[in-house]
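Colleague:
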Amino acid sequence: TTDNNGKLLIENLDWGEYFLVEETAPDGYSKYDTTLSAVTPTANQVQFSVGRNTCDNIQELICTDEIAPAKLKIQKEIDEYVPAWGVPTFIFKIKKLSTPDSKTTYERYVSLQLTNTNMLTDATDWIDIEPGQYEVTELNVSRYTIESCTITPSNDTETVTGISNAGKKAVFTVKANGEVTVAFKNVVEYYDKFSHNDLKVNNFHGNKYLEVLNKSVPVVDNSTGKALEKAEIDKKDFTAYLIGA
73 TTDNNGKLLI ENLDWGEYFL VEETAPDGYS KYDTTLSAVT PTANQVQFSV
123 GRNTCDNIQE LICTDEIAPA KLKIQKEIDE YVPAWGVPTF IFKIKKLSTP
173 DSKTTYERYV SLQLTNTNML TDATDWIDIE PGQYEVTELN VSRYTIESCT
223 ITPSNDTETV TGISNAGKKA VFTVKANGEV TVAFKNVVEY YDKFSHNDLK
273 VNNFHGNKYL EVLNKSVPVV DNSTGKALEK AEIDKKDFTA YLIGA
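Quick note on my numbering: the sequence shown kicks off at 73 and runs consecutively.
Here it is as structure tokens:
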């Protein structure tokens with residue numbers, strides 16, 4: 073076991089090859105993970121040797137444990153699915169507001185598509201995020217508006233704190249190994265710019281006229297047999313013929 077400074081002194085080892093294996097990581101950290109060779113492909117091991125050239129020296133082996141990640145899942149629900157509108161796609165922004173070391177920044181976008189017509193729900197896989205305070209927002213999308221936003225810790229509630237959904241944004245603080253699900257529910261905001269009609273009838277209003285520009289060439293109305301300079305065709309009769317003699 074290491075001391076309060078994370079150090080461990082090992083003495084009086086016989087000559088030979090050794091592996092230093094980390095069995096348990098401190099709270100909030102993941103075990104050091106590495107694969108050294110095909111002969112000993114076990115994770116969480118550091119290899120060293122004691123022999124003629126090393127017995128008089130103190131070997132310093134440094135192992136760095138990563139901060140254990142937290143996990144986030146985003147879920148989407150809509151009240152109505154209209155295939156004629158295409159596949160609705162929703163985009164979410166994950167923004168880190170603060171972290172334990174206050175040095176790193178994080179911003180990520182993920183998307184969800186809903187193609188089913190039953191429960192209309194879908195979810196991302198678990199997304200690994202560093203511990204810290206986050207804000208999850210949904211970007212504006214055509215036709216739908218956000219109705220509600222809920223935040224649910226998935227395991228130990230002590231690992232997810234500072235929950236707020238004010239302004240239909242999800243804000244929370246998650247510790248290492250914490251799991252949180254953020255669910256957005258949307259409803260259809262408007263139906264305009266879209267019609268379910270599949271037949272369109274065009275009507276022509278008024279009369280049509282034919283004006284004879286070259287009056288030396290007689291033009292005869294086939295329905296009356298009379299020559300004319302300007303022909304008027306009733307808007308309901310599109311079968312009239314004008315024949316140039």
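In this text, a Cβ means the ideal position worked out from N, Cα and C, and glycines have one as well.
Keep in mind it's a predicted model, so treat the numbers as computed, not measured.
Is the region 218-230 close to the region 158-169, with three or more CB pairs under 8 Å?
Modeller: no
Colleague: Take the Cβ of residue 322 as the centre, count every other Cβ of all protein chains shown within 10 Å, and call the residue buried at 16 or more, exposed below.
Modeller: Since the displayed the chain opens at 73 and closes at 317, residue 322 lies outside it and no answer follows.
Colleague: Please report the residue range of the beta strand (DSSP E) in which residue 98 lies.
Modeller: Residue 98 -> no beta strand (DSSP E), and no H or E assigned at all.
Colleague: Quick one: residues in its chain with C-beta nearer than 6 Å to the C-beta of residue 240, no 5 flanking neighbours on either side, listed in chain order?
Modeller: 218 and 221
Colleague: For residue 136, count the other beta carbons within 10 Å of its own beta carbon; 16 or more makes it buried, fewer makes it exposed. Which is it?
Modeller: exposed
Colleague: Give every residue of the same chain whose Cβ lies closer than 7 Å to the Cβ of residue 262, excluding the five residues on either side of it in the sequence, and list them in chain order.
Modeller: 215
Colleague: Do you know offhand how far residue 92's Cα is from residue 143's?
Modeller: 30 Å
Colleague: Name, in chain order, the residues that DSSP records as bridge partners for residue 78.
Modeller: DSSP lists no partner for residue 78.
Colleague: Where does residue 298 sit, in a helix, a strand or coil, going by DSSP?
Modeller: coil
Colleague: Alpha carbon to alpha carbon, how far is residue 253 from residue 84? Give it in angstroms, no decimals.
Modeller: 51 Å
Colleague: From residue 249 to residue 232, what distance separates their C-alpha atoms?
Modeller: 10 Å
Colleague: Do you know how far the Cα of residue 247 is from the Cα of residue 153?
Modeller: Between residue 153 and residue 247, the C-alpha separation is close to 37 Å.
Colleague: State the start and end residues of the unbroken beta strand (DSSP E) segment that holds residue 200.
Modeller: It spans 199-201 - the beta strand (DSSP E) in which residue 200 sits, taken as one unbroken run.
Colleague: CA-CA distance, residue 202 and residue 146?
Modeller: Whole-angstrom Cα-Cα distance: 16 Å.
Colleague: What's the C-alpha gap between residue 148 and residue 242?
Modeller: 13 Å
Colleague: Would you list the one or two residues that DSSP bridges to residue 221?
Modeller: In DSSP, residue 221 forms a bridge with 256.
Colleague: Which stretch, first to last residue, makes up the beta strand (DSSP E) that contains residue 207?
Modeller: 204-210
Colleague: With H, G and I counted as helix, E and B as strand and the rest as coil, what does DSSP make of residue 245?
Modeller: strand
Colleague: Does DSSP put residue 238 in a helix, a strand or coil?
Modeller: helix
Colleague: Our contact map puts residue 204 next to residue 170 with C-beta atoms below 8 Å; I'd like the distance itself, whole angstroms only.
Modeller: 6 Å
Colleague: Can you give me the Cβ contacts of residue 259 inside the same chain, cut-off strictly under 8 Å, excluding the 5 residues immediately before and after it?
Modeller: Result list for residue 259: 150, 151, 152, 216, 217 and 219, in chain order.
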